[in-house]
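The numbering used here applies: residue 150 is where the sequence shown begins, and numbers increase by one.
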Amino acid sequence: MVKEQFQKNKIGWKKSFFEGFLQDDLGDAVPWMTYPMIEFLKNNLNKNHEVFEFGCGASTLFFAKRVKKVIGIETNARWFEIVKEKLSKQGYAADIQIMEDGLESNLYENFAKNSKQKFDLIIIDSLKRFECAKNSIHALKSDGAIILDDSERKNYKKIFDFFAENNFKQQSFLGIAPGQLRIKNTTIFTKN
């Protein structure tokens with residue numbers, strides 16, 4: 150599996166590793182998710198979708214190119230400026246905000262819920278993943294989904310339990326990610 154995914158994506162993987170910004174073979178930004186999940190997203194996103202991200206990055210550019218609206222919050226000021234600049238250079242619109250005290254404040258984990266908007270897709274890639282997951286189900290559209298990256302981590306079991314208790318089904322995408330050779334997992338949770 151690792152060899153096949155690497156061979157299929159080796160130009161983008163190498164660019165991601167050496168240049169420090171995640172991209173595909175053509176130089177377009179991709180999320181730091183498994184290659185099978187990236188492929189799934191490429192095949193299923195459309196210009197009507199509205200996306201919320203806990204944590205911004207190359208994924209923000211990836212989504213901004215493919216969906217109607219992206220809202221994201223980031224806790225690292227330096228990274229926020231890099232993403233903002235890349236969005237501007239590529240002409241993508243995204244509503245991203247810096248929340249430097251986000252990991253100490255409950256405003257961060259409640260941001261999607263408090264936005265008074267419903268989203269087709271919520272991406273959780275932050276340190277407060279359980280809290281973000283727990284509070285985000287209220288911000289989903291009826292057919293919405295939540296993506297949890299690095300879902301292979303044992304300490305995220307309670308997130309899986311939470312979604313199961315709330316009648317969500319899961320689909321996991323095992324593989325490697327741009328610039329990494331370790332096997333990881335990205336899981337999408339959808340309402341039953």
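Yeah, the Cβ is synthetic: ideal placement off N, Cα and C, and Gly gets one too.
Problem - Opening and closing residue of the alpha helix (DSSP H) in which Thr209 lies - result: Ala207 to Arg215
Handout entry: Lys217 and Glu199 closer than 8 Å at C-beta
Key = Yes, these two residues count as a Cβ contact at 8 Å.
Handout entry: Own chain partners of Met248 with C-beta closer than 8 Å, once the 5 adjacent residues on each side are dropped
Key = Ile222, Glu223, Thr224, Ser254, Leu256, Tyr257 and Phe260
Handout entry: N-terminal and C-terminal residue of the beta strand (DSSP E) that Asp269 is part of
Key = From DSSP, the beta strand (DSSP E) with Asp269 extends over Phe268 to Ile273.
Problem - Ala261, DSSP secondary structure in three states - result: helix
Exercise for the section: Express the C-alpha separation of Thr336 and Phe170 in angstroms, rounding to a whole number. Expected result: 22 Å
Handout entry: Buried or exposed (CB count within 10 angstroms, at least 16 for buried), Ser291
Key = Counting Cβ neighbours within 10 Å, Ser291 comes out exposed, since fewer than 16 surround it.
Practice task
Could you check if Asn263 is buried or exposed, using at least 16 other CB atoms within 10 Å of its CB as the buried criterion?
Solution key: exposed
Problem - Outcome for Val151 when other beta-carbon atoms lying within 10 angstroms are tallied against a minimum of 16 - result: exposed
Handout entry: Status (buried if at least 16 other CB within 10 Å, exposed otherwise) for Lys303
Key = exposed
Exercise for the section: Classify Phe155 as helix, strand or coil using the three-state DSSP reduction. Expected result: helix
Practice task
Using 10 angstroms around the beta-carbon of Leu277, count the other beta-carbons present and answer buried if the total reaches 16, otherwise exposed.
Solution key: Reading off the sequence, residue 277 comes out as Lys, not Leu. Result: buried.
Handout entry: Where Phe211 falls, given that 16 or more other Cβ within 10 Å makes a residue buried
Key = Classification of Phe211: buried, given that the 10 Å Cβ count is 16 or more.
Handout entry: When Phe312, Lys340, Lys333 and Ser208 are compared against Asp269, the one with the closest alpha-carbon
Key = Lys340
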